[in-house]
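Chemist: Have a look at this one before I ask anything.
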Amino acid sequence: MLAPAEKAHTASTQPGDNMKTSSACRLVAWFLTLAGAAPCMPAHAQSPACEREKLDALHAKRDLVDARSKGAELPDISRTYKAFNVCLKEHGLAEDPSFSVSNDSDDRALLMRYMGAMQQVIRTNWLHPDNIPASTCRVRVTQLPGGDVVSAVAESSCPYNAAGRRSVENAVLRAQPLPYKGFESVFRRTIVLTFDPRPWPSNE
1 MLAPAEKAHT
11 ASTQPGDNMK
21 TSSACRLVAW
31 FLTLAGAAPC
41 MPAHAQSPAC
51 EREKLDALHA
61 KRDLVDARSK
71 GAELPDISRT
81 YKAFNVCLKE
91 HGLAEDPSFS
101 VSNDSDDRAL
111 LMRYMGAMQQ
121 VIRTNWLHPD
131 NIPASTCRVR
141 VTQLPGGDVV
151 SAVAESSCPY
161 NAAGRRSVEN
171 AVLRAQPLPY
181 KGFESVFRRT
191 IVLTFDPRPW
201 PSNE
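Below is the structure:
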């Protein structure tokens, strides 16, 4: 016969309990894979600590993936990622590299370089008419992977006259293929550019 302590231990490790734990782990692994995170299950993924923060971070990562696929503006997920990793550290666990704030910062920095590269090539191909105001003009660009332009339409908020708007739209068309190589991760099929007729500031 088993001693009471052995019975308690046996009862706490029944197959049903293991199946529940295994199912929960598989569910979290599936969610991480869906959101683009690593499918492995480190200690912090198995710990019950920071469950709320972890779910918030997963939802934020899913929103980021959706925004990239739709060519929408990337959401600011740094606070959510940071809150999760701070919670992990407070519980003596290692930070989760899948939710690194530096990754989000890198994406935003690359996106800014992408926008700057497009601004430069469009300005180079811009044949501006006379009396163009020294103000910006928003133009909606639809493009294909590789940088071929499908359409370029100045938005109604653009302060230019009809000739000025056409000049910007034509500059986008002449500039194709737009910058793409090296910017694949931040490519947007539809993107709204703020065209500035003034010289693009130097990085020097």
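Residue numbers for the sequence shown, in this note's numbering: 1 to 204.
Ideal Cβ placement from N, Cα and C applies to all residues, glycine included.
This structure is a prediction, so every number in the text was calculated from the model and none was measured.
1. Going straight from the alpha carbon of S185 to that of L193, what length do you get?
2. Considering only DSSP beta bridges, list what F195 is partnered with.
3. Under 7 Å, do N125 and R174 count as touching if we go by C-beta distance?
4. Can you check which of these residues, P145, Q120, Q176, K181, is closest to D196 by C-alpha distance?
5. Identify the residues that DSSP records as bridge partners of T190: which are they?
6. On the DSSP bridge assignment, give the partners of S151 in chain order.
7. Could you give the C-beta distance for Y160 and I132, rounded to a whole number, given that I count them as a contact under 8 Å?
8. Check this for me: beta carbons of A152 and V172, under 7 Å apart or not?
9. R123: which of V139, K54, S157, L111 sits nearest, CA to CA?
10. Nearest to A109 by CA position, among N170, R198, F183, is which residue?
11. E90: which of S157, S135, A117, C50 sits nearest, CA to CA?
12. From which residue to which residue does the alpha helix (DSSP H) around K89 run?
13. Tell me whether A57 is buried or exposed, calling it buried when 16 or more other Cβ atoms sit within 10 Å of its Cβ.
14. Cβ atoms of F84 and E53: under 7 Å apart, would you say?
15. Within 10 angstroms of the Cβ of A163, are there 16 or more other Cβ atoms? Answer buried if so, exposed if not.
16. Where does the unbroken alpha helix (DSSP H) through L173 begin, and where does it stop?
17. Compute the distance between the beta-carbons of A94 and P179, then report whether it is under 7 Å.
18. Excluding the 5 residues preceding and the 5 following Q176 in the sequence, name in chain order all residues of the same chain whose CB lies nearer than 7 Å to its CB.
Modeler: On the basis of the data shown:
1. 18 Å
2. C137
3. yes
4. Q120
5. T142
6. T142
7. 6 Å
8. yes
9. V139
10. F183
11. C50
12. 78-90
13. buried
14. yes
15. exposed
16. 162-175
17. no
18. G147, D148, V149
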